[in-house]
Amino acid sequence: MAQRYRLSKGGRIDRDRLIDFTYDGRKLQGYQGDTLASALIANGRHLVGRSFKYHRPRGFLAAGAEEPNALMQIGTGARTVADVKATQVELYQGLTASPVNAWPSVKYDLGAVNQAFSKLFPSGFYYKTFMWPHSAWHFYERVIRSAAGLGKAPDKPDPDFYDKRYAHADVLVAGAGPAGLAAALAAGRSGARVILVDEQPETGGSLLASRDEIDGKPGTSWAEQAVAELRAMDNVRILTRTIAFGYYDHNWIALLESLTDHLAEKPDDVPRQRFWKVRAKQVVLATGAIERPLVFRDNDRPGIMLANAAQSYVNRWAVKPGETAVLFANNDGAYQAALDMKAAGIQIAAAVDLRQDPSGPRTEAARAAGIDILAGHAITETQGGHRVNRIKVAPMSEDGKQLAGSGQTLECDLVAMSGGWNPTVHLHSQSRGKLRFDSDIASFVPDFAVQAERSAGACNGTFGLAAVLAEGETAGRAAAEAAGFSPAAANGHYKAASDGFTPARWLWLTPSTKPVGHGGKHFVDFQNDVTAADLHLALREGYTSVEHVKRYTTTGMGTDQGKTSNVNALGIVSEYRELPIEELGVTTFRPPYTPVTFGAWGGRDVEEFFDPTRKTPMHSWHERAGAAFEDVGLWKRPWYYPKAGETMHDAVQRESKAARESLGVLDATTLGRIDIQGPDSGEFLNRIYTNGWKTLKPGFCRYGLMLGEDGMVRDDGVTACLGENHYLMHTTTGGAADVLAHLEEYLQTEWPELQVYLTTVTEQYATAAIAGPNARKLLAELTGDIDVSPEAFPFMTFREGHVAGVWARVSRISFSGELSFEINVEAHNGLHMWQTIIAAGEKYAITPYGTETMHVLRAEKGFIIVGQETDGTVTPMDLGMEKLCSTKKEFVGRRSLTRPDMLDPNRKQLVGLLPDNPKDILEEGAQLVETVRPEPPMAMVGHVSSSYMSPTLGRAFALALIKGGQHKHGQKVYAPMTGDKTIACTITSPVFFDPEGERLRG
Amino acid sequence: MLLIPCPYCGARAENEFGYGGEAHKVRPETPENLSDGQWADYVFMQKNTKGTYHERWVHSQGCRRWFNVIRDTLTNEIQAVYEMGETPPEVDTKTYL
Ligand SMILES: [Zn+2]
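Written as structure tokens, this is what we have:
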């Protein structure tokens, strides 16, 4: 029968809107306003998952964010989401769901065989079982991962988009229960900008699930009125379906607003989620409290749930979580759940109370209502395969440590348990606010705040509706005042019940007929299957700090982050160690409070918006020419230009040969450029670079090496002296921003007396480097006003004039080892220049080449690339560039070069490598050894930094850094590769081509 | 996410800034006169105080200027900001064990 467990009236559901959904392949129905959890309960479904380690049948423990068991796979295809708590899923037409942790089905679960082998899963089972023998890990891992498997990731790209939004608030109120609403009203009425957030689709918090009254009317009506007043205020923003999940420094709060997950039809123009980043002057935390389970034998069967959850299902969703219930409690407040269940027609078989002498207003009301109370009793055993059907209860000794006398058996299909309440102190703790243990409620409450925040209501350890409302009101007023507003005096007090949930009795571990660990399981952490026996074992093995116990047993480390388990675990550790809880401390709460999708973190910054793309003015030509592109920093650089049928190797060989034999052209626009001016520019360069700059005259260029203060090479490039006190520095493509920052830092912090002005001009120029024996001839054809003869235009100089009819600065520098000119024009003339060069160069078979050929050409010359031959641990001496380090002046990093470690002759030094087999191309990054052994470890002496096939040399070659390599030319090293292959090489000078530099100077 | 009051632009979010470590470490005028140990101390070592700490920040995504911040490194309270080369203002020195 459809919705057999739906109550005939009540609940915050819309009975006119029937909703079809599919659960585990079955078609079911619920109502608008249901959660997936309440709809399943309406249909009598309690078995909703299998536990993580033992695959025990599990049902709903809770009705909210703290649910550890009911993890669902929601939806199908690209939108499927794993590990969503059924208690947090709003029902919508066509929803499909299945439990994540069951195979082949939740009823017939193969993994349950794990239960039989539960001795294999003690505390630290990952560490113990799988570490030895080493080979067994692979076996265990495969079996366990396939059996456990927490859900499936979608196998298609996310069809949704996500938004980010920044906001400011005078007062942010987290939680729209009674305390939060009272706080928001008080702050809002003062005129403060208030943001009120709540994770639920409607405001009201605990009032939605209770029958308590405020000011003589139902709490839900009061909440509706409060929200109506708040909505009418322009200065108040209410965000529902929005969870405050992170509290960061300086009152920076992260919110996750869910916009489409609850909709059957997902609109195209609405983001799935919106990530709010709120900077609040003041924060009021009104996040409520989470009920604590009781730890007793086999307390995990479906049908055993928190008393407040049972109460919520009855009151808020009008479903019966059972026909016959037993209340198992240690406090007075829980009796209201029994009363509400009874009012809804659920039989209350008995109230099993750990207290010797149960008292309190709700207890009395229950007694008056005829509920049978078993004082000083414990549940000692539970039975039932897929659902609890019978429990055994027995009286306890006065100290509650053991049983005293025989008990009785009770038939029931629901156990509503309550071990008291834990204030939800997560956000307070995340904000680095301190906690203290409050022995009245046996839990942690906020002690003092570090940031501008205050807690109000249950999250502050305040229970009793009247006190909660008053505290909310006070907190809202105080927050508004602290934010600079003047709230009017409160108009009277809210009238509501004043009792909290005490009196209570704290027994962390409920005794059973057998000692803990010797019969049944006393679960503490339901999601990670951690039992009291596991905690005891960890303590016996010497893990005494709570942080260690937590990690060793994995208590509190599931997707629920221990919302129901942490304090119970502390209580059990405290009892075992005979230390008060306050001396144990508490584990740290970290964001996020509930899981946050990667999509929300990414927001719109995905795909082409992830990073900006920089393109040179010639980019369109490269695209038309069919170039393959390489990312260098943010730039897209042509990598090589394959012709039809060519591989990358073919193209690079052809391009390299062309540059050496006739003429090549490279787009060199991406080099960083910094314009340096001011009377002290020369002095500044002298301090920044290792070599001397004071003698450089206008019209000349010089190569410079830049170190960090630690003596390590950080950048290199050519700087041109454009005029008196005017230079143009070139940096590596990827290093431009860092170099500018480095220069600015020294100018502003160390040498503010220097008058130097830096301007980044990278984007102002387009550059084409023409290289090859025919480079001069081509340039001569393209310019009318620059004398290109070797005498008039020597190496390492530049000339200004016109090329291709536009203004140009031409530098005679070479990174290829060929006769080469770098033609710089204004960026907007770049494409024109490039096309003119290509057209005029046709007679020389001009060949555009990309970065790969550039690398081959420069490596043949032994020219380094910073970031390839260097990695932040390489000095100029390591590169054989000590001649570039002036001994006559101070420069950044100089002092470090004489530290003992820098003078060690056994440092890794730059060398060339020639593989014995000229066809063996070494892998860049390959490790090198002098003695090959059958298997690792082998003593490594260095690594390959660059490796290519050279058409000019007719063989493979490489650059490498090898310990003491400068003195090992001619010796052998070996690169052991995967498989049995080993590549033998001879160490050589790193300069393979034209060592005298005749070509580039010619 | 700290809210950092740039002396030139006003309060801005931390991700606009770069961190520069301990402030008032003056680069030695004549490093060659320093022992290896003294130089290594300058290059590599920072006080990294728990409590009131004088440190340098740069507004990289804003005015690109360097300035000094006095921050309680435990609570992240920013106690003062001041320009490069300025004498640090007096603040309550917070210390912790
Ligand atoms: Zn600024």
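The listed protein sequences derive, respectively, from chains R and Y.
Position one of the first sequence corresponds to residue 1 (my numbering), numbered consecutively onward.
Position one of the second sequence corresponds to residue 10001 (my numbering), numbered consecutively onward.
For every residue, glycine included, the Cβ atom is placed at its ideal position computed from N, Cα and C.
For clarity, every value in this text was computed on a predicted model and none was experimentally measured.
So which of the options has the shortest CA-CA distance to residue i?
i                 : options                                       : result
leucine 18(R)     : Gly419(R), Gly30(R), Leu910(R) and Gly188(R)  : Gly30(R)
aspartate 399(R)  : His428(R), Thr870(R) and Arg355(R)            : Arg355(R)
leucine 255(R)    : Pro591(R), Val100(R) and Gly303(R)            : Pro591(R)
alanine 182(R)    : Trp222(R), Leu910(R), Gln451(R) and Asn725(R) : Trp222(R)
leucine 671(R)    : Lys697(R), Asp904(R), Tyr765(R) and Gly246(R) : Tyr765(R)
glycine 519(R)    : Val665(R), Lys657(R) and Asp298(R)            : Asp298(R)
threonine 836(R)  : Thr783(R), Cys412(R) and Glu744(R)            : Thr783(R)
glutamine 273(R)  : Glu998(R), Ala452(R), Ala483(R) and Asp160(R) : Asp160(R)
glutamate 996(R)  : Gly867(R), Glu924(R) and Gly817(R)            : Gly817(R)
arginine 188(R)   : Phe610(R), Ser312(R), Ala483(R) and Glu67(R)  : The sequence given here has glycine at residue 188(R), not arginine. The option with the nearest alpha carbon to glycine 188(R) is Ala483(R).
leucine 95(R)     : Thr797(R), Ser512(R), Leu150(R) and Gly25(R)  : Gly25(R)
glutamate 860(R)  : Asn917(R), Met940(R) and Ser950(R)            : Ser950(R)
asparagine 566(R) : Asp357(R), Asp34(R), Asp525(R) and Ile13(R)   : Asp525(R)
histidine 969(R)  : Asp901(R), Arg654(R) and Leu914(R)            : Leu914(R)
Which two residues bound the contiguous alpha helix (DSSP H) that contains residue i?
i                  : result
threonine 836(R)   : 830-840
alanine 532(R)     : 532-540
lysine 342(R)      : 335-343
tryptophan 601(R)  : 598-602
glutamine 311(R)   : 307-315
isoleucine 41(R)   : 36-42
alanine 475(R)     : 465-482
proline 178(R)     : 178-189
methionine 854(R)  : 851-860
glutamate 411(R)   : Counting along the chain, glutamate 411(R) falls outside any alpha helix (DSSP H), though it belongs to the beta strand (DSSP E) covering 408-411.
histidine 10054(Y) : Not the alpha helix (DSSP H): histidine 10054(Y) falls in the beta strand (DSSP E), residues 10052-10058.
valine 1013(R)     : Residue 1013(R) falls outside the range modelled here, since chain R spans only 1 to 1002, and no answer is possible.
methionine 648(R)  : 648-661
proline 361(R)     : 361-368
threonine 553(R)   : 546-553
valine 739(R)      : 736-745
Could you check how far apart the C-beta atoms of residue i and residue j are, in whole angstroms? I think they sit under 8 angstroms.
i                 : j                    : result
valine 393(R)     : arginine 301(R)      : The pair is not a contact, with the Cβ atoms about 15 angstroms apart (cut-off 8 angstroms).
isoleucine 379(R) : phenylalanine 296(R) : 5 angstroms
alanine 209(R)    : valine 194(R)        : Incorrect: roughly 25 angstroms between the Cβ atoms, too far for contact.
tryptophan 508(R) : asparagine 422(R)    : Rounded, the Cβ-Cβ distance is 13 angstroms, inconsistent with contact.
alanine 366(R)    : alanine 349(R)       : Incorrect: roughly 13 angstroms between the Cβ atoms, too far for contact.
asparagine 69(R)  : arginine 79(R)       : The Cβ separation is near 24 angstroms, so there is no contact.
threonine 851(R)  : valine 632(R)        : 7 angstroms
alanine 775(R)    : leucine 666(R)       : In fact, because the Cβ distance is near 11 angstroms, the residues do not count as touching under 8 angstroms.
proline 218(R)    : leucine 469(R)       : Not really, about 14 angstroms apart at Cβ, beyond 8 angstroms.
serine 443(R)     : alanine 63(R)        : Actually they do not touch by this definition, with Cβ atoms about 20 angstroms apart.
alanine 480(R)    : alanine 192(R)       : 4 angstroms
alanine 984(R)    : aspartate 878(R)     : Wrong, their Cβ atoms sit about 24 angstroms apart, outside the cutoff.
tryptophan 693(R) : glycine 682(R)       : 6 angstroms
Could you check where the beta strand (DSSP E) with residue i kicks off and where it finishes?
i                   : result
asparagine 10068(Y) : 10066-10072
tryptophan 639(R)   : 635-640
tryptophan 10039(Y) : Unbroken run through tryptophan 10039(Y) is the alpha helix (DSSP H), 10036-10044; no beta strand (DSSP E).
Under the DSSP definition of a beta bridge, which residues are partnered with residue i?
i                 : result
lysine 164(R)     : Phe275(R)
isoleucine 674(R) : Met729(R) and Thr760(R)
tyrosine 703(R)   : Val718(R)
lysine 843(R)     : In DSSP, lysine 843(R) forms no bridge with anything.
tyrosine 689(R)   : Met706(R)
aspartate 155(R)  : Paired residue(s): none; aspartate 155(R) is not in a bridge.
proline 395(R)    : His377(R)
isoleucine 441(R) : For isoleucine 441(R), which the question treats as bridged, DSSP gives no partner whatsoever.
proline 976(R)    : Thr982(R)
valine 173(R)     : Leu196(R) and Val284(R)
Since residue i meets chain C, which of its residues come closer than 9 angstroms, beta carbon to beta carbon?
i             : result
serine 896(R) : This model lacks chain C altogether, as its protein chains are R and Y.
key: Inside the stretch 906-944 of chain R only - beta strand (DSSP E) runs reaching at least 3 residues   = Correct list: 908-915 and 927-929.
message = I'd like the ranges of any alpha helix (DSSP H) spanning at least 4 consecutive residues and lying wholly in the stretch 754-788 of chain R.
response = 775-782
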